[in-house]
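Structure first, commentary second.
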Amino acid sequence: MERLIEFATQHYYLVGAWVLTLLILLATEKRKAGKSVTPAEATRLINKESGVVLDIRTRKEWDTGRITGAHHIPLANLESRLSELDKFKDKPVIVVCNLGQAAGTAAKQLKAAGFEHVVRLSGGMTEWKGQNMPIVK
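Written out as structure tokens, the structure reads:
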């Protein structure tokens with residue numbers, strides 16, 4: 001620990017550059033991914049605001065369990081199948097992946113296609129199942 005403090009005081013410009021780079025990276029990733037919601041908030045969107053769940057996982061992951069009423073379009077096919085979701089442009093769309101990481105890419109595509117209220121499920125299906133939320137197999 002003493003060596004770390006010694007290094008930081010002797011090379012403060014390197015430490016400062018590293019901290020700045022880290023902050024820029026975090027800000028960029030947060031902006032790219034869009035807004036996220038917890039499973040409880042997602043449930044409220046589904047029940048109170050007629051939210052639509054878009055599951056972008058692979059067929060194999062989809063078959064392990066899904067949110068009731070979810071629409072399945074794998075991320076690889078999303079761009080070519082966006083027209084299937086046109087009727088939901090004015091409703092909240094909750095994008096779900098396995099861990100909550102790939103959903104940011106899909107959310108960005110949906111926003112570019114004119115969807116007004118797009119959010120991603122924080123933690124993905126892993127968090128959904130971890131909170132014992134209902135799934136369909």
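Number 65 in UniProt numbering belongs to position 65 of the sequence shown; there are no gaps in the numbering.
For each residue, glycine too, the CB sits at the ideal point set by N, CA and C.
To the nearest angstrom, report how far apart residue i and residue j are at their CA atoms.
{"i": "K111", "j": "I56", "result": "15 Å"}
{"i": "L14", "j": "L25", "result": "16 Å"}
{"i": "A17", "j": "W62", "result": "42 Å"}
{"i": "K129", "j": "E49", "result": "22 Å"}
{"i": "K60", "j": "H72", "result": "12 Å"}
{"i": "V96", "j": "L54", "result": "6 Å"}
{"i": "T126", "j": "P39", "result": "10 Å"}
{"i": "E84", "j": "M133", "result": "27 Å"}
{"i": "D90", "j": "L20", "result": "38 Å"}
{"i": "A106", "j": "Y12", "result": "39 Å"}
{"i": "A103", "j": "Q109", "result": "10 Å"}
{"i": "Q10", "j": "R3", "result": "10 Å"}
{"i": "E116", "j": "D86", "result": "11 Å"}
{"i": "V36", "j": "T58", "result": "The sequence shown places Ser at residue 36, rather than the Val named in the question. Cα to Cα, S36 sits roughly 21 Å from T58."}
{"i": "I67", "j": "A27", "result": "30 Å"}
{"i": "Q101", "j": "A113", "result": "20 Å"}
My guess is that residue i and residue j are in contact by the Cβ rule of under 8 Å, so how many angstroms apart are they, rounded?
{"i": "G123", "j": "L99", "result": "7 Å"}
{"i": "F88", "j": "V52", "result": "5 Å"}
{"i": "V119", "j": "I135", "result": "At roughly 19 Å, the Cβ-Cβ gap does not stay under 8 Å, so V119 and I135 are not in contact."}
Helix, strand or coil for residue i, going by three-state DSSP, please let me know.
{"i": "D90", "result": "coil"}
{"i": "R57", "result": "coil"}
{"i": "L121", "result": "strand"}
Below 8 Å between beta carbons: does that hold for residue i and residue j?
{"i": "L45", "j": "P74", "result": "no"}
{"i": "L121", "j": "A42", "result": "yes"}
(request) Note down, one range per segment and in chain order, each alpha helix (DSSP H) of at least 4 residues found wholly within the segment 9–53. (result) Complete alpha helix (DSSP H) runs here, min 4: 12–33 and 39–48.
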